[in-house]
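Structure record follows, encoded as structure tokens.
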Amino acid sequence: MHKIVFLDRATIAPQIRLRSPAFDHELVVHERTRPDEVVERLKGATIAITNKVALTSAVLEQLPDLRLVAVAATGTDCVDKAYCQRHDIAVANIRGYAVNTVPEHTFALILALRRNIVAYRDDVINGEWQKSGQFCFFNHAIHDLAGARLAIIGEGALGQSVAALARAFGMVPLFAEHKGRSGFGQLYTPWDEMLATSDIITIHSPLTPETRNMIALPEFRRMARRPLLINTARGGLVDEEALVQALDEGLVSGAGFDVTAGEPPAADSPMMRIAARPDVILTPHVAWASDEAQQTLADQLIDNIENFVAGRPTNLVKGAY
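Residue numbers for the sequence shown follow the numbering used here, beginning at 1481 and rising by one.
Laid out in structure tokens, this is it:
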């Protein structure tokens, strides 16, 4: 009989159904797990489920019974995959569940900022409509999406879905070449040209040593059209202190972020310092979190576990097992 331990069930909304695996098992569910609780809770477990709880080599070496780490997310940075590979521990992740929710959240941010929805809402609450003395007022610029150049950094499934929505709005989507690289072909726009000619830039890239802080002050200074900057990918892709400076200097016209370099961000972090600005929208890493997407994630999570036990593993992560 397999013992399955879910370390951080609270990372999936409570209304999402997590079905019971269709084999003989014991399932232990914890809403949250502190680092000092991981080893004790996973003792005797053959299958660990984690979303963000770290499974380091120091932890894994104390868990000789573990055979599978089922990550309840796409990113697997929380798992020491090299250790798992050396010790025949499989690592499986979730894929393809966010192709609607993340692009839709991206466009929610774009629309709200492009049309200054937050600024106008604040004005209405503060009595500016009554002060205007007429049927409308024009405190903030409003721009259409049609005809705007949308630069997409990251050409995977999410980037492709964003491009499809952009075309439906009559925008001009373009895929950026990777920073510091060229020769991607005619379907890609050179990095520096992308910075200089885009009205909106949206990021859909993984966080790696190569992509960390790929947009910093030098990049902001090349943004000739004062674009909106949208990041629903990973904190750390944008230098947050540089973003604050770029907003203060008018190098960009606004920022819509769903991620920060540390989550949750410290109260005095750069993103929290600008969170109340009308040209900034900061959401708490929920672009992925529509009920529909979360249910797909939960179902795929159990599928991965069942398939592994049945001897036909799915979604195994490269570099593990």
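By construction, the Cβ of each residue, glycine as well, lies at the ideal position given by its N, Cα and C atoms. Values in this document were obtained by computation on a predicted structure and should not be read as measured data.
Counting only the same chain and skipping the five closest in sequence on each side, list residues whose C-beta sits under 6 Å from that of residue i.
{"i": "Ala1726", "result": "Phe1700, Val1732"}
{"i": "Ser1770", "result": "Thr1581"}
{"i": "Ala1790", "result": "none"}
{"i": "Tyr1801", "result": "The predicted position of Tyr1801 is uncertain, since its pLDDT is 44 and thus under 50; no value can be drawn from it."}
{"i": "Ala1572", "result": "Ala1550, Asn1784, Asn1795, Leu1796"}
{"i": "Val1760", "result": "Ala1735, Ile1754"}
When the distance is taken between beta carbons, is residue j closer than 8 Å to residue i?
{"i": "Ala1631", "j": "Leu1667", "result": "no"}
{"i": "Val1539", "j": "Val1519", "result": "yes"}
{"i": "Pro1707", "j": "Asp1679", "result": "yes"}
{"i": "Ala1621", "j": "Gly1650", "result": "no"}
{"i": "Gly1715", "j": "Glu1743", "result": "yes"}
{"i": "Gly1736", "j": "Leu1593", "result": "yes"}
{"i": "Phe1618", "j": "Glu1608", "result": "no"}
{"i": "Tyr1577", "j": "Thr1776", "result": "yes"}
{"i": "Arg1489", "j": "Val1509", "result": "yes"}
{"i": "Ile1527", "j": "Arg1547", "result": "yes"}
{"i": "Glu1506", "j": "Ile1484", "result": "yes"}
{"i": "Ala1713", "j": "Ser1749", "result": "no"}
{"i": "Glu1802", "j": "Phe1587", "result": "Past the edges of the chain, shown from 1481 to 1801, lies residue 1802, and the structure says nothing about it."}
Between which two residues does the alpha helix (DSSP H) containing residue i stretch?
{"i": "Pro1653", "result": "Premise fails: Pro1653 lies in the beta strand (DSSP E), 1652–1656, not in any alpha helix (DSSP H)."}
{"i": "Ala1726", "result": "1720–1728"}
{"i": "Ile1527", "result": "From DSSP, Ile1527 is part of no alpha helix (DSSP H) but of the beta strand (DSSP E) over 1527–1530."}
{"i": "Thr1776", "result": "1771–1789"}
{"i": "Ile1754", "result": "1750–1754"}
{"i": "Glu1506", "result": "Segment 1505–1509 is the beta strand (DSSP E) holding Glu1506; no alpha helix (DSSP H) there."}
{"i": "Val1539", "result": "1537–1540"}
Can you name, in chain order, every residue of its own chain whose Cβ lies under 8 Å from the Cβ of residue i, other than the five neighbours on each side?
{"i": "Arg1757", "result": "Leu1727"}
By the DSSP assignment, the beta strand (DSSP E) with residue i in it spans what residues?
{"i": "Asn1711", "result": "1708–1711"}
Got a sec? Which residues, its chain only, sit under 7 Å from residue i by beta carbon, not counting five neighbours each side?
{"i": "Gln1774", "result": "Ile1492, Ala1493, Ile1496"}
Could I get the ranges of all uninterrupted alpha helix (DSSP H) runs contained in the segment 1572–1649, with 4 residues as the minimum, in chain order? The DSSP assignment places complete alpha helix (DSSP H) segments of no fewer than 4 residues inside the segment 1572–1649 at 1581–1594, 1597–1605, 1608–1612, 1637–1648, in order along the chain.
Taking 8 Å as the cut-off, does the segment 1517–1537 touch the segment 1547–1562 (at least 3 CB pairs, one atom from each stretch)? Yes, the segment 1547–1562 touches the segment 1517–1537.
Does the pairing of the segment 1596–1607 with the segment 1636–1651 give three or more beta-carbon distances under 8 Å? Proximity of the segment 1596–1607 to the segment 1636–1651 falls short of the contact definition, fewer than three beta-carbon pairs being nearer than 8 Å.
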